[in-house]
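**Q** Before we start, here is the structure in question, set down as structure tokens.
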Amino acid sequence: MNNKRNIMLTIAALVILFGVACFVQAEVNSYVRRIINLCLVYAIIGLSMNVTNGFAGQFSLGQAGFMAIGAYMVGIFTVPVELRADVFYAVPMNPHLVNVYMPLWMALILGGVLAAFVAGIIGTPVLRLRGDYLAIATLGFSEIIRIVITNATSITNGALGIKNIPPLNDVRYIFMAAAISYVLITLLLNSSYGRAFKAIREDEIAAEAMGISLFYHKNLAFMVSAFFAGIGGGLYGALLGTVDPKNFLFTLTYNFLLIIVLGGMGSVTGSMFGAIIVTAGLEYLRLFDEPMELMGIAIPLFRPGLRMVVFSILLMVCVLFWRRGIMGTNELTWEKIISFVKHPLSGFRKKGVQGK
Amino acid sequence: MLKVRDLVVAYGGIEALKGISVDVPDGQIVTLIGANGAGKSTLLRTIMGLVKPRSGSVEYNEENIKDLNSQHIVSRGITLVPEGRRVFPNLTVLENLRIGAYLRKDEEGIAKDIKRIYELFPRLEERNWQMAGTLSGGEQQMLALGRALMSRPKLIMMDEPSLGLAPLVIKDIFNIIRRINESGTTVLLVEQNANMALKVAHHAYVLETGRIKTEGSGRELLENEEIKEAYLGKKKK
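Residue numbers (the working numbering), protein chains in the order written: chain A, 34 to 389; chain B, 14 to 250.
The following block contains the structure:
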């Protein structure tokens with residue numbers, strides 16, 4: 034019964050949020066819309082990374098590579114055919130591809146599927162590794178993907194990147210993609226697969242002794258993660274309007290690592306909060322980059338770059354005091370919200386007693 | 014029920030098991046005792062499919078299960094309570110139990126079994142929503158046992174269930190092992206606590222550096238002078 038209620042509440046919340054998205058699309062200026070869109074895209078990718086890193090407990094740093102695959106599928110197939118000659122001015126586009134056009138949604142799904150396929154190939158050898166070794170190996174593969182893209186000039190336009198992607202700054206579209214990703218990932222994680230992922234994260238040997246196939250589940254988590262990273266990467270490309278191999282340096286992965294660590298490894302809602310805080314935080318801390326005058330005196334520290342200093346300090350504080358992130362492995366559930374609405378203070382009181 | 018023949022297991026160049034044969038008849042408690050490094054845990058891990066043997070055979074109900082993966086072995090009704098309990102620390106007690114039933118699809122049967130396990134271990138029911146990592150050692154051992162029972166095993170293998178527990182708790186655990194056996198589950202028990210293990214066992218093997226040194230009924234071994242000296246801490250008179 035409670036389950037039914039929760040599903041209804043989730044659907045209602047998504048409908049209301051979609052209404053908000055429509056409102057934002059119509060009323061809010063394009064700068065704010067872009068930030069909101071970026072939050073949503075980062076939420077999708079953060080969520081995807083949380084599937085392997087937070088739930089299955091496999092420390093993988095390959096997200097930038099999978100994003101690149103998704104972004105390039107969008108870049109290759111959604112640029113209008115008549116504009117392609119302008120884009121591929123150095124080396125002409127491969128004749129088999131030059132007339133193939135796809136709508137955005139199709140290119141996104143293709144990107145996701147291709148990313149998952151590549152993840153399946155990479156995962157078979159790499160997922161035998163654990164911990165740091167897995168991180169290094171996936172990092173390496175993510176760079177390999179980028180370098181292959183840089184050198185496949187007739188398909189990807191090499192280091193020049195692909196411009197003229199029809200710009201997508203539509204909150205409704207990206208919100209729908211994020212909502213669908215959220216629902217699918219939550220369904221997966223609440224199924225027996227999700228339970229198996231968590232068991233593997235907690236103790237591989239015990240999980241194996243329970244009859245959970247490590248190979249199958251790790252690979253599944255890795256591929257699902259790559260699929261949604263591909264979708265997110267595609268949206269990222271469409272949002273920027275251009276894709277370039279340099280966008281997908283391995284440093285990009287760290288943004289998402291930040292999001293999931295901050296939000297809580299192993300928490301879906303945590304990834305959402307993490308994505309919003311990191312993206313919006315980076316954007317709105319820009320005031321530190323501008324010169325500031327207080328009572329007629331220019332404060333000397335305010336200059337470009339201070340933003341990152343402040344942001345890094347905030348992160349350090351966050352990691353020092355909430356070592357497991359904002360949410361830990363907990364979720365923001367309807368039960369918690371309802372009990373909070375009913376007794377707004379009891380939660381705090383209880384915490385005070387437990388935490389002393 | 015379970016027949017192990019001439020099993021040789023090696024880690025790299027070192028042979029942990031040098032050709033051992035063990036029989037576990039249906040409905041009994043069979044125990045393996047031996048010092049550290051005798052190969053007790055290796056034997057259980059090999060039966061479970063977690064380690065691949067170099068040679069020899071493992072037969073379960075007349076079927077060779079030596080080369081099966083562990084999920085197929087679990088689905089045939091063998092389960093392992095691993096050494097050091099190894100509960101899933103950041104999952105609740107209930108989630109731990111549900112993972113034990115991972116290969117089962119019958120929701121009703123699973124719900125019934127959870128109830129049954131809570132009857133067997135009332136302490137676990139009280140701690141239903143607690144993280145398993147916050148339980149005491151004895152409770153974690155109960156949870157590990159309960160989790161193993163969730164797969165409805167015909168043969169349950171336990172690796173040192175008394176490890177690191179207080180004597181009173183050990184007594185409880187052995188009582189429960191007896192009850193599990195009486196309800197029709199065959200038990201293969203590996204122990205360093207030879208005294209307790211031999212008291213509950215129908216049949217016992219003594220393992221020494223990868224070989225079986227002696228075997229006999231639990232009572233026989235309890236009275237065997239050599240065993241007394243080596244494992245029970247009693248001097249020859």
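Each residue gets a CB set at the ideal place from its N, CA and C atoms; glycine is no exception. These numbers come from a predicted model, not from an experiment.
Using a Cβ-Cβ cutoff of less than 7 Å, which residues in the same chain neighbour D277 of chain A once the five nearest sequence positions on both sides are dropped?
**A** These residues qualify, in order along the chain: G194.
**Q** Considering G229 of chain B, what are the terminal residues of the beta strand (DSSP E) in which it resides?
**A** Where G229 of chain B is concerned, the enclosing beta strand (DSSP E) stretches over R224 to S230.
**Q** In the region 107 to 118 of chain B, which residues sit with their C-beta less than 7 Å from some C-beta in chain A, listed in chain order?
**A** Listed by position, the residues of the region 107 to 118 of chain B near chain A (Cβ gap below 7 Å) are E108, R111, I112, G113, Y115 and L116.
**Q** Using the three-state DSSP reduction, which class does V64 of chain B fall into: helix, strand or coil?
**A** Correct three-state label for V64 of chain B: coil.
**Q** Given a threshold of 16 other Cβ atoms within 10 Å of its Cβ, counted over all protein chains shown, does V53 of chain A qualify as buried or as exposed?
**A** Burial call: exposed.
**Q** Note the first and the last residue of the continuous alpha helix (DSSP H) segment covering R117 of chain B.
**A** No alpha helix (DSSP H) contains R117 of chain B, which DSSP labels as neither H nor E.
**Q** Kindly identify the DSSP beta-bridge partner or partners of K16 of chain B.
**A** For K16 of chain B, which the question treats as bridged, DSSP gives the partners B:D36 and B:E72.
**Q** Taking the alpha carbon of N83 of chain A as the reference point, which residue from A:S300, A:M100, A:Y269 and A:E235 has its own alpha carbon closest?
**A** Nearest C-alpha to N83 of chain A: A:S300.
**Q** Starting from the C-beta of S54 of chain B, find all residues in its chain whose C-beta is less than 6 Å away, skip the five residues before and the five after it, and write them out in chain order.
**A** These residues qualify, in order along the chain: E96 and D172.
**Q** Determine the extent of the alpha helix (DSSP H) in which H85 of chain B is found, giving its start and end residues.
**A** S83 to S88 is the extent of the alpha helix (DSSP H) around H85 of chain B.
**Q** Considering just the uninterrupted stretch of the beta strand (DSSP E) at T199 of chain B, what are its terminal residues?
**A** Unbroken beta strand (DSSP E) run through T199 of chain B: T199 to E204.
**Q** Kindly indicate which three-state DSSP category H215 of chain B falls into: helix, strand or coil?
**A** Coil at H215 of chain B, not helix or strand.
**Q** For a contact defined as C-beta to C-beta under 7 Å, what are the partners of M61 of chain B on chain A?
**A** Per Cβ cutoff of 7 Å: A242.
**Q** Going by beta-carbon coordinates alone, are N197 of chain A and D119 of chain A separated by less than 8 Å?
**A** Yes, they are a contact pair.
**Q** Shorter than 8 Å from the beta carbon of K196 of chain A to some beta carbon of chain B?
**A** Taking Cβ atoms only, chain B never reaches closer than 8 Å to K196 of chain A, which makes this a no.
**Q** Output needed for N184 of chain A: all residues of its chain with C-beta closer than 8 Å, excluding positions within five of it in sequence on either side, in chain order.
**A** G191, listed in sequence order.
**Q** How many angstroms separate the CA atom of A97 of chain A from the CA atom of F261 of chain A?
**A** Distance between the alpha carbons of A97 of chain A and F261 of chain A is about 12 Å.
**Q** Does D288 of chain A come out as helix, strand or coil in the three-state DSSP assignment?
**A** Note on residue identity: the sequence assigns Asn, not Asp, to residue 288 of chain A. N288 of chain A: helix per DSSP, three-state reduction.
**Q** Between which residues of its own chain and F344 of chain A is the CB-CB distance below 7 Å, once the five residues before and five after are set aside?
**A** If we look at F344 of chain A and ignore the five residues flanking it on each side, its Cβ neighbours are G314, L315 and L318.
**Q** Between the beta-carbon of T105 of chain B and the beta-carbon of Q143 of chain B, is there less than 8 Å?
**A** Yes, the Cβ-Cβ distance between T105 of chain B and Q143 of chain B is below 8 Å.
**Q** Could you list which residues in chain B have their beta carbon closer than 9 Å to that of S246 of chain A, in chain order?
**A** Here the neighbours are N82, S83 and Q84.
**Q** Mind pulling the chain B residues with CB within less than 8 Å of T362 of chain A?
**A** What T362 of chain A touches in chain B: N103.
**Q** Does I238 of chain A have its Cβ less than 8 Å from a Cβ in chain B?
**A** Judged by the 8 Å Cβ criterion, I238 of chain A is in contact with chain B.
**Q** So the candidates are A:Y249, A:L253 and A:W367; which of them puts its Cα closest to the Cα of L42 of chain A?
**A** When each option's Cα is compared against that of L42 of chain A, the closest is A:W367.
**Q** Please report the residue range of the beta strand (DSSP E) in which I91 of chain B lies.
**A** Per DSSP, I91 of chain B belongs to the beta strand (DSSP E) from I91 to V94.
**Q** For Y24 of chain B, which residues does DSSP report across the bridge?
**A** Y24 of chain B pairs with B:I27.
**Q** Going residue by residue through the region 147 to 176 of chain B, where are the continuous beta strand (DSSP E) segments of at least 3 residues, counting only ones entirely within it?
**A** You should have 168 to 172.
**Q** How would you list, in chain order, the residues of chain B whose beta-carbon sits under 7 Å from the beta-carbon of S300 of chain A?
**A** Within chain B, no residue comes near S300 of chain A; the closest Cβ sits about 12 Å away, beyond 7 Å.
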